[in-house]
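2 protein chains.
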Amino acid sequence: MDDLLRTPRGTRDIVGDEAELFEYLTTTFKEVAKRNGFKPIITPTIEFFELFARKSGVEIVKSMYVFKDKAGRTLALRPELTASVIRAYLKSLRNEPKPILLYYVGQCFRYEEPQRGRYREFWQAGLEVIGEKGVHGDLRVFNVMEQFFNEIKLKHYYIIGNVGIYRMFMNAFNIPGNEQDQILHLIDKEMFNEAINYAKKYGDEAAEVISKLISMNIEDLENMAMDYKELVKNYMDRLLGEIRDTIEFIDILKELGYDVRYKPSLVRGLAYYTGIIYEVKTSVLDISIGGGGRYDNLTTVYGGPPEYSTGVAIGIDRVMLALSELNIKPLDKDRVKAAILLLNDSKEYLIYAYKVSSLLQTAGITTLVLSGRKLSKMLSYANRFKFKYAVIIGSKELNENKVSIKDLDTGVQEYIKLEKINEFIKNI
Amino acid sequence: MDDLLRTPRGTRDIVGDEAELFEYLTTTFKEVAKRNGFKPIITPTIEFFELFARKSGVEIVKSMYVFKDKAGRTLALRPELTASVIRAYLKSLRNEPKPILLYYVGQCFRYEEPQRGRYREFWQAGLEVIGEKGVHGDLRVFNVMEQFFNEIKLKHYYIIGNVGIYRMFMNAFNIPGNEQDQILHLIDKEMFNEAINYAKKYGDEAAEVISKLISMNIEDLENMAMDYKELVKNYMDRLLGEIRDTIEFIDILKELGYDVRYKPSLVRGLAYYTGIIYEVKTSVLDISIGGGGRYDNLTTVYGGPPEYSTGVAIGIDRVMLALSELNIKPLDKDRVKAAILLLNDSKEYLIYAYKVSSLLQTAGITTLVLSGRKLSKMLSYANRFKFKYAVIIGSKELNENKVSIKDLDTGVQEYIKLEKINEFIKNI
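In the order they appear, the protein sequences are chains A and B. For the record, in the first sequence the residue sitting at position 109 is 108 according to numbering that gives the first Met the number 0, with numbers rising by one throughout. For the record, in the second sequence the residue sitting at position 318 is 317 according to numbering that gives the first Met the number 0, with numbers rising by one throughout.
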């Protein structure tokens, strides 16, 4: 039997308090995104393999759930949602006024070794900004993130890097794109010596530049660019643009009171990033709880025109883990709860109970009708689940169109007319 | 390129107004379920094939997305959620006080020919009641459904049947379980003659009984049971119990004002139903927009103890289709929206804008900051997306710590101090 009750490795049921927390987090994320002008998008969970193979990066493609459908087409469970959102943008939203601001919450799948905070099926809450130049798009993303993390009371900080700076220098050394990806992949894994050695293929100066970039302060980058003026001359404009954008962006965030720091070796795993990139951290987890950045021109990979784009994905499972480590229980605004207890479960009682229930709900009260058990059992159920009131209905109440209502905190019980019930509750 | 933009057959992107409607419907469903005491549950999208093969019925097993993972285990994309919820109940919730009330919203997958309102990836919003005897559990389900459909303003009605009545009679004729499933399957497809012929294998009287059940009024069923008193004697108690429960249940629903009718030939496709079953209909679609019923003892299929259970699944895609056919746009309570328009997108303007944005949001206003375009362009964007206010920030506003605020309905523009902005908006 126990075997039948298992879920596949790396997946799990979310139940009880954890499920309520999950709902609270995803609802809060959506509300924050919405009040900042973002619109929802829902894309399929299964996509053609090709969509992700094109540009998600070697790491992700290796760990995808891939299968053939009955017509022989190769499908995949999505490992992330950005590729799908870009596809949907090109298909259905390209003529909408820019910027296009989208949010999503969805499960993703990666066939990796499960670890603490890492599942094979995991949940991402994400934002995408399409068609907006400069740092404003990134600022939108941070503004929503900051509001979200503050609302759920999770202390956090951001680290910021810029993969575009690495790419401009590597372009100058004529390092091909796939080789650049490999070097960035090594830096992402913090295998710095391996990355530097790999770059040696393109000369000692290339290795030296990579080595410097890995630890260079943001304030010194412009000077470094000047030191290699001759080498990077074809890329100087974009290089200086990326450096200045990053400095300006960090200034803005600090001015707005965000806890943010520059990390020169931050490059992130996904091959499609082009400029500013970032991760969200907490003190209690090694792994980041969110990450993203600019991925300008991902549209061209699918045959569309170039487009500025940026976005973030927050790992909901990791946020839940961080909250539990910190013993934070960000609670849904609590509603008053009333249990309606029937001393008999025949037809007339059920009908009366659901009329009472409906009356209470119009006053914003959560209700639960209980029947078919002894009063003492039903009262202990109501206490266990922290109901504020027990509304008791026996034959007297039913015949006289009244209810007995007991305040479970004070123990005070009253016998009142049905139409007075909301008035009664308001007065307490 | 176009090829790259396709989604797999039977799947789709939900974007724009449709996505906002989707969010509104699923949020409303969750809220209604919650205020009636139901708790969320989130189960994996991928499960072991065996979970569904055990009891979902031949029809569903045939149309499942099945694949092997890299370790050779046979997995499936869930075709429905009830089996997963029951598994999760047995694994993690069996010691909780009964009744256990659960709600979910999730995508399901069936490899069938796509038709109007039928997708291969589709969304179900569902309720499950575990551990409650009698019609109260079914009433809970209807109470939430009725509130949900009323809140989204979708005119609807319910049809009710009872598959337990069929099963008691067929038991009396010693028809084996899988043969019963086959007969019910034919009735479900409205192939009544085929069903009656199939029953002939078990004698003319069996065929006659099936034929009668297909069209017998609920009021006459008790008499019919009496006519076959000798035959059904071992099943009489349960048979009369099912008949009386169904009559009582329909009475209760009518008394509460629900539009409900009994349909003798309603049996539904899933093999696990045991008693009262139902579907939700609208005038504009042939297919039902929801369905469910009692599935007592499904727990035993997974080795658990017997448990009373009942539940429903509502097809969100079909609800969306019905609403669009009826041209109903149940709108989210509209929030006031303000666009903040920057005449310059340098650092100081962005910082000031997001401070203004934050101020407006504390007053419950949805904001969107626009920059990097001509004022006329930004104003037309604000008009197109029905913003109520444009808050304009140029150098004068920035330097004097003020804003120009324009009511886009009336055209009235004022120049006010930043700290007066919420007061100003409240007064209009």
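Beta carbons: idealized from backbone N, C-alpha and C, even for Gly.
Q.
Strictly under 8 angstroms for the Cβ-Cβ distance: is V140(A) near chain B by that measure?
A. Not one chain B Cβ lies under 8 angstroms of V140(A).
Q: Report the rounded CA-to-CA distance for M0(B) versus I129(A), giving the unit in angstroms.
A: With a pLDDT of only 47 at M0(B), under the threshold of 50, the placement of this residue in the model should not be trusted, and no figure is reported.
Q) Quick one, which of R267(A), Y271(A) and Y272(A) has its alpha-carbon nearest V279(A)'s? A) Closest option to V279(A), Cα to Cα, is R267(A).
Q. Can you tell me where the beta strand (DSSP E) with V104(A) in it begins and where it stops?
A. Its beta strand (DSSP E) spans residues I99 to F108.
Q.
For M0(B), would you say it is in contact with chain A, using Cβ-to-Cβ distances shorter than 8 angstroms as the test?
A. Note on M0(B): pLDDT 47, under 50, position unreliable in the model; no value is reported.
Q | Beta-carbon contacts of N196(A) that lie in its chain and below 8 angstroms, excluding the five residues immediately before and after | A | Within the same chain, A206 come within 8 angstroms of N196(A) by CB-CB distance, once the 5 residues on both sides are set aside.
Q: Report the neighbours of F66(B) on chain A: residues whose CB is nearer than 7 angstroms to its CB, in chain order.
A: Chain A residues near F66(B): F66.
Q) Is it true that the CB of G136(B) sits closer than 8 angstroms to the CB of Y103(B)? A) Judged by beta-carbon spacing, G136(B) lies beyond the 8 angstroms limit of Y103(B), meaning their Cβ atoms are not closer than that value.
(Q) For a contact defined as C-beta to C-beta under 8 angstroms, what are the partners of T365(A) on chain B? (A) For T365(A), the residues of chain B that pass the 8 angstroms Cβ criterion are K33, R34, N35 and G36, in the order they occur in the chain.
Q: Quickly, what does DSSP pair Q360(B) with across the bridge? List them, please.
A: DSSP output for Q360(B) lists no bridge partner at all.
Q: Mind reading off the beta-carbon distance from R77(A) to E120(A)? Whole number of angstroms is fine, and I expect it under 8 angstroms.
A: That belief does not hold up - the Cβ atoms of R77(A) and E120(A) are roughly 11 angstroms apart, past 8 angstroms.
Q) Which residues bound the alpha helix (DSSP H) around R293(A)? A) Taken as a continuous stretch (DSSP letters only), R293(A) belongs to no alpha helix (DSSP H), being part of the beta strand (DSSP E) at G289 to R293.
Q) F258(A) touches chain B at which residues, Cβ-Cβ below 9 angstroms? A) Phe is not the amino acid found at residue 258(A); the sequence shown has Asp there. Within chain B, no residue comes near D258(A); the closest Cβ sits about 16 angstroms away, beyond 9 angstroms.
Q.
According to DSSP, is M0(A) part of a helix, a strand, or is it coil?
A. Caution is warranted here: a pLDDT of 47 is assigned to M0(A), below 50, making its placement in the model unreliable, and the coordinate value is therefore given only provisionally. In this structure, M0(A) counts as coil in the three-state DSSP scheme.
Q. Among K328(A), K54(A) and E247(A), which has the Cα closest to the Cα of T81(A)?
A. Of the listed residues, the one whose Cα sits closest to T81(A) is K54(A).
Q) What's the gap between the Cα of F21(B) and the Cα of K188(A)? A) 40 angstroms
Q: Taking only beta-carbon positions, decide if D12(B) is within less than 8 angstroms of chain A.
A: In terms of beta-carbon proximity, D12(B) lines the interface with chain A, with at least one pair separated by less than 8 angstroms.
Q: Using a Cβ cut-off of 8 angstroms (strictly closer), state whether A87(A) contacts chain B.
A: yes
Q) Closest Cβ-Cβ distance between E247(B) and chain A: below 8 angstroms? A) Chain A, which has a Cβ nearer than 8 angstroms to the Cβ of E247(B), makes this yes.
Q. Taking the alpha carbon of N142(A) as the point to measure from, which residue in V259(A), A87(A), F48(A) and N343(A) has its own alpha carbon closest?
A. V259(A)
Q. Using 8 angstroms as the limit for Cβ to Cβ distance, is E112(A) near chain B?
A. Proximity of E112(A) to chain B, defined by a Cβ-Cβ separation below 8 angstroms, is not satisfied.
Q. Going straight from the alpha carbon of V90(B) to that of K346(A), what length do you get?
A. A small correction: the amino acid at residue 90(B) is Lys; Val does not occupy that position in the sequence shown. Going by the C-alpha atoms only, they are around 34 angstroms apart.
Q.
Distance cutoff 8 angstroms, beta carbons only. Does G133(A) sit that close to anything in chain B?
A. yes
Q. What residue ranges within the stretch 113–182 of chain B form continuous alpha helix (DSSP H) runs of no fewer than 4 residues, ordered along the chain?
A. 135–150 and 162–171
Q | is_contact[E413(A), chain B] using C-beta, thresh 8 angstroms | A | no
Q.
Checking 8 angstroms against the spacing of the C-beta atoms, do E127(A) and S308(A) come in under that value?
A. yes
Q | Buried or exposed by the 16-neighbour rule on C-beta atoms within 10 Å, applied to P98(B) | A | buried
Q) Between E49(B) and chain A, is there a C-beta pair that is closer than 8 angstroms? A) yes
Q) For the alpha helix (DSSP H) that contains G303(B), what are its first and last residues? A) In the DSSP annotation of this structure, G303(B) is not part of any alpha helix (DSSP H), being labelled neither H nor E.
Q) In this structure, what does DSSP give as the bridge partners for D68(A)? A) Per DSSP, none; premise fails for D68(A).
Q) Are the stretch 215–231 of chain A and the stretch 145–157 of chain A touching, with three or more C-beta to C-beta distances below 8 angstroms? A) no
Q: Name the one or two DSSP bridge partners that P39(A) has.
A: Y102(A)
Q. Does L4(B) get closer than 8 angstroms to chain A when you measure Cβ to Cβ?
A. yes
Q | Proximal residues to G303(A) (C-beta, below 6 angstroms), its chain only, five neighbours per side dropped | A | Excluding positions up to five away in sequence, the list reads L89.
Q) Do G291(B) and Y118(B) have their C-beta atoms closer together than 8 angstroms? A) no
Q: Take every Cβ of the stretch 391–403 of chain B, pair it with every Cβ of the stretch 339–359 of chain B, and state whether three or more of those distances are shorter than 8 angstroms.
A: yes
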